[in-house]
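Step one of this worksheet: look at the structure below.
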Amino acid sequence: MDLAFENLSLLEEEENEDGLVIDQCSVGGTGTSSDVELCVVGRILTEQYVNFGIMKARLASIWKSKKDIFMKEVRGGRILFQFYHSLDVKRVVDGSPWFFDNNPLVLH
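For the sequence shown, the working numbering begins at 189 and goes up steadily by one.
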């Protein structure tokens, strides 16, 4: 493993042991389990600043989902991706590894 990435993780040490908990994954969604199944949490493994607007536009362009993708910055440098079709989720998760500016994007 590259030494630059050995101390990075999806979970922040300052947070509780449970990490990030998503109980309702949507803006305007129903909050049902199907909404949560259409969500993915990710993090770009870098200690440098990431321009969220540029990252959002570039990933949306690359992923070319059937419907829009909602992206939101959440705690600890994590990004919440909400898809609106299960095929889009499968294609993105199965199509990894993904990179942004030569930095790995880890999806969970």
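Glycine residues also receive a C-beta, built at the ideal position from the N, C-alpha and C atoms.
Run of the alpha helix (DSSP H) containing residue i, from where it starts to where it stops
| i | result |
| --- | --- |
| I250 | 240–251 |
| F275 | Checking the sequence shown, residue 275 turns out to be Leu, not Phe. From DSSP, the alpha helix (DSSP H) with L275 extends over 274–282. |
Below-7 Å beta-carbon distance, residue i vs any chain D residue
| i | result |
| --- | --- |
| D256 | Reference to chain D is not applicable here, since this structure consists of a single protein chain. |
Sub-7 Å separation of residue i and residue j beta-carbons
| i | j | result |
| --- | --- | --- |
| I232 | N291 | yes |
| L268 | V229 | yes |
| A245 | I257 | no |
| F288 | M243 | yes |
For residue j and residue i, believed in contact at Cβ under 8 Å, the rounded distance
| i | j | result |
| --- | --- | --- |
| S253 | D282 | Going by Cβ atoms, the distance from S253 to D282 rounds to 14 Å, so no, they are not a contact pair. |
Given residue i as reference, the closest of the options once Cα atoms are compared
| i | options | result |
| --- | --- | --- |
| G265 | Y237, F271, C227, S249 | Y237 |
| P285 | Q270, I250, R263, L226 | I250 |
Pairwise C-alpha distance: residue j and residue i
| i | j | result |
| --- | --- | --- |
| V215 | K260 | Interpretation of V215 is limited by its pLDDT of 45, a score under 50 that renders its predicted location unreliable; the figure taken from the coordinates is listed afterwards. So the alpha carbons of these two residues sit roughly 10 Å apart. |
Residue i, enclosing beta strand (DSSP E) - first and last residue
| i | result |
| --- | --- |
| Q270 | 266–270 |
| K260 | 258–261 |
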